[in-house]
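2 protein chains.
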Amino acid sequence: MVSDSSKTLRLLMPQWQGGNNPAYYLGAQLLNWLAPHSNDTFEEVPIDRTEEGLGVERGIFARSTLLKQAHAAKGILKKHNPDRVVVFGGDCGVELAPFAYLNDKYDGDVAILWIDAHPDVNTPEHFENHHAHVLANLLGVGDEDFVAEVPKLVNPDKVLYVGLNDGTDSEKEVMKQFDLSVVRPEAILKDSSPVLDWLHKTNISKIIVHFDLDVLDLREFRSLLIANPSTYSSMVEKAPTGSNMETIIRVLQDVAKAYDIVGLGITEHFPWDSYALANMLTRLPLIGDINKTEKPSFNWIF
Amino acid sequence: MVSDSSKTLRLLMPQWQGGNNPAYYLGAQLLNWLAPHSNDTFEEVPIDRTEEGLGVERGIFARSTLLKQAHAAKGILKKHNPDRVVVFGGDCGVELAPFAYLNDKYDGDVAILWIDAHPDVNTPEHFENHHAHVLANLLGVGDEDFVAEVPKLVNPDKVLYVGLNDGTDSEKEVMKQFDLSVVRPEAILKDSSPVLDWLHKTNISKIIVHFDLDVLDLREFRSLLIANPSTYSSMVEKAPTGSNMETIIRVLQDVAKAYDIVGLGITEHFPWDSYALANMLTRLPLIGDINKTEKPSFNWIF
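Keeping their order, the protein sequence lines are chains A and B. Per the working numbering: the first sequence = residues 128 to 429. Per the working numbering: the second sequence = residues 128 to 429.
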C-alpha cells in the first residue's frame, strides 16, 4: 500500500547509447507520452544526442557517455530522495542509478523481479552494448566504474527472473554462479502463483520491478528491436513464444496487491512504425523538407 | 513554390467514428506528435469521445456525429481562410471539409492525388463506415447531407489514384461511371513519371494530396487496420504488395518540386502497439490502477 505522504518520482531517461540505436530515444519519449498523467514529481535525465563519444571503450559502446548519464540520474534521485521511482527508458541501462538508489535506500530489504526475455548479466568481455550488463552491475559484476555506481550490491537470492526465454553462454555462467531463480513464460500462463510463492519465501515486503518490453511476444507486440519489419517473418518462425501483455499485467497487479512496489522500470520500447513515420514527416511537402531525399541516420523527435 | 505571405493551416482532426474504432483517435494524436514543429496556424477539431450517437442512421455509422464534426472543421477553415491545409487524421472522412474548401477556394483548378490502397467511393447502400465514402462525396455521390458539404464538386477528370490495390464491386462501378484514372503500385516503383505525366496532361498547377497510410505495405509499416497482430500472419499471406514508404516519399517530393501542393491529408494511422501500451500503462502499479483487470473498450489518450 502506498501511503499518502510517500513520494514517487517519475523519471524519463531516453538513453539510447546502451543499445546503440536512436530509436530507443523516441521509444522513451513515446512511452512517457502514452502514460497516464500523474501528479508525481517528474524529471527528464539529459541525454546526449550527438554522435560524439560513440566508440567502444574498455569493451563498452559509448562507455563514458553512459557513465555521465548514470551520474546525472543519480543526482536527480539524490535531489528528490523519493520513496518510489518509475523509470521510462530507453535502453535497460536506465535502471542502474534508480535501482542502485532504491536497494541502498531500503538497505537491501527489497526483492527484484526481472521481467525480461534476457538475463542482462553480460560483461564487456563478451558483449559491447551495456544494456545487457545492468543486472550484472547491480550484482557487482562487470566494468568497475559501473559497479562503483551501486553503493549496496543486490543480493542474488532476492532476484527472480520472470518470462526469461533466452541468454548467451556467458550469461548462463553468471546465472549459475549466483544461482539465480527463474520463472519461465509457460509457468505464469495460468496464474501468478510461481511468482507469488517465490516472493512469499523471500520474506520481503518491498519489490523493484524491471519490465523489459521484450518479454512480450513479438507476434502480439511489435515495437521491439527483434520485430524489425525487414526480418520479422523469419523471427516469427524462430523466436520462442513470449508472454502475453495481459499475462504480465496480471502478474504485476497480483504482486502489487500483496507487496509494496517501490520501483518500476519499463525499457527497450522500440517503435519501428513511429520512427519511420517521424522520419517520413520530416521529408513531406507542407510539413518537412522536400529536398531531403536521404533517410536521416539519426532522427530525433523534439 | 510557397510564397512567404501565404498561410498554411495545420488541422488535427482525430475523428474515429468514420472507421468505428477509437484507435484512430490515438493515431491522429500520435501523428501530430510525431510531426516536425511548425509555425503554421494550428487547430484541433473537437471530436466526440462518448459512446452516444454511435448507431447506424441512413446506412452510415455515427452519421450525425460525423456531420457535426465536418461542420466544425468547416467553421475553422472559414475562420482562418488558409491558402494551404495540412490535415492529420483520423479516419479518411477528416478530408471532406478541407478538400471541399480547397476545391471551392481555387474554383476547381486543382488536381487530386488519391494515394490509397482503396478507392473510397463507397456509398451507404453498400458500406456503413463513412471513411470509405469521402471521395464519392467530393464527386457528388452518396448521402445528400455529406454531398451538401461540397460547394463545388470535384471534377473526376482531375482525380488520380496512386497505389490503388483493392476495391469492392460497388466501388468499381463508381470508378467506371466517372472513368477515374489509376496508377498501380508497380508503376511507381522505378520513378514517378506515371504521376508526373498524368499531372502534366491535366494542365493544372495546384494539387491536393490524400495520403491514406494503408497504401503502404503492411510488411513494412504495421500501424494499419489491416495489420492487426491477431490476424497478421494470414494477412501477410494474402494481401497484395503495397508501396514502400520511400516510394511514396519520392513521388510526393517529385510532385512538390513541379507543382504547388495546397492540401495534404494523412489518414488512417492505426497504432496497434501504442494503443496496447497506453492501455497497459493505465493498469500498472505506480502508474495506473491495479484494480482495472479488464482491458477498457475505449482508451482515450488525454
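We treat Cβ as the ideally placed atom computed from N, Cα and C, and that holds for glycine.
May I ask which residues mark the beginning and end of the alpha helix (DSSP H) holding D272 (chain B)? E271 to V274
Same chain, Cβ closer than 7 angstroms to N418 (chain B), five either side skipped, listed in chain order: none
Would you say R410 (chain B) lies against chain A (beta-carbon separation less than 7 angstroms)? Answer yes: the Cβ-Cβ gap between R410 (chain B) and chain A drops below 7 angstroms somewhere.
Counting only Cβ pairs nearer than 8 angstroms, list the residues of chain A close to S401 (chain B). For the C-beta of S401 (chain B), the chain A residues within less than 8 angstroms are, from N- to C-terminus, L157, L161, S350, P398 and S401.
If you draw a straight line from the C-alpha of I353 (chain A) to the C-alpha of N330 (chain B), how long is it? 48 angstroms
So, with DSSP's three-state summary, where would you put W325 (chain B)? helix
Write down every uninterrupted run of the alpha helix (DSSP H) in the region 342-428 of chain A whose length is 4 residues or greater and which is fully enclosed by it, in chain order. 359-365, 372-385 and 399-408
Who are the Cβ neighbours of K285 (chain B) in its own chain at under 6 angstroms, not counting the five residues just before and after it? Only A238 and T329 meet the Cβ criterion.
Which residues in chain B sit within 8 angstroms of P356 (chain A), going by Cβ to Cβ distance? Below the 8 angstroms Cβ cutoff, chain B contributes R346, E347, F348 and R349 as neighbours of P356 (chain A), in chain order.
Judging by CA-CA distance, which residue of A:H337, A:H207 and A:A227 is the nearest neighbour of T168 (chain A)? A:H207
Are the CB atoms of F215 (chain A) and N264 (chain A) within a distance shorter than 7 angstroms? no
Who are I187 (chain A)'s beta bridge partners in DSSP? A:E184
Pull up the distance between the alpha-carbon of D296 (chain B) and that of R211 (chain A), whole angstroms please. Roughly 59 angstroms between the two C-alpha positions.
Does DSSP put Y233 (chain A) in a helix, a strand or coil? coil
When burial is assigned at 16 or more other CB atoms within 10 Å of the CB, is G235 (chain B) buried or exposed? exposed
Whose C-alpha, out of B:A197, B:K201 and B:Q142, is nearest the C-alpha of T177 (chain B)? B:Q142
Would you kindly check if the distance between the Cβ of F188 (chain B) and the Cβ of D400 (chain A) is under 7 angstroms? no
Candidates B:N406, B:T420 and B:M302: which alpha carbon is nearest L153 (chain B)'s? B:N406
I want to see whether chain A comes within less than 7 angstroms of V213 (chain B), judged by CB atoms only; does it? Chain A contact via Cβ: present.
List, in order along the chain, the chain B residues whose C-beta lies closer than 7 angstroms to that of F154 (chain A)? The identity of residue 154 (chain A) in the sequence shown is Gly, whereas the question assumes Phe. Here the premise fails: no neighbours, minimum Cβ distance about 10 angstroms.
Decide if the region 273-288 of chain A is in contact with the region 303-310 of chain A; the criterion is three or more beta carbon pairs, one per stretch, under 8 angstroms apart. These segments touch.
Run through DSSP, which three-state label would Q142 (chain A) get? coil
Considering only their Cβ atoms, is the gap separating L340 (chain B) from V213 (chain B) smaller than 7 angstroms? no
Would you give the residue range spanned by the alpha helix (DSSP H) that K299 (chain B) belongs to? Its alpha helix (DSSP H) spans residues D296 to F305.
Residues of the region 364-389 of chain A whose Cβ lies closer than 7 angstroms to any Cβ of chain B, in chain order: M372, I376, L379, Q380, A383, K384 and I388
Where does H337 (chain A) fall in DSSP's three states? strand
So what does DSSP say about I242 (chain B), is it helix, strand or coil? strand
Within the continuous alpha helix (DSSP H) that includes V172 (chain A), where are the two ends? Run containing V172 (chain A): none; DSSP gives neither H nor E here.
Using C-beta distances below 7 angstroms, list every residue in its chain close to K311 (chain A), excluding the 5 sequence neighbours before and after it, in chain order. What sits at residue 311 (chain A) in the sequence shown is Arg, not Lys. Excluding residues within five positions, the ones whose Cβ falls inside 7 angstroms are L291.
Nearest CA to the CA of A244 (chain A): which residue from A:L343, A:L326 and A:I334? A:L343
Taking any Cβ of chain A, which residues in the region 133-148 of chain B have a Cβ under 7 angstroms from it, in chain order? T135
Cross-chain neighbours of A405 (chain A) in chain B, by beta carbon under 7 angstroms: Chain B residues near A405 (chain A): L161.
Touch test, the region 185-199 of chain B against the region 363-383 of chain B, Cβ-Cβ under 8 angstroms, three pairs minimum: No, the region 185-199 of chain B is not in contact with the region 363-383 of chain B.
Residues of chain B with CB under 8 angstroms from T420 (chain A), in chain order? R377 and Q380
Does I353 (chain A) come within less than 7 angstroms of chain B when only Cβ atoms are used? It does not: the Cβ of I353 (chain A) has no partner Cβ on chain B nearer than 7 angstroms.
Anyone know if the C-beta pair for T250 (chain B) and G267 (chain B) falls short of 7 angstroms? no
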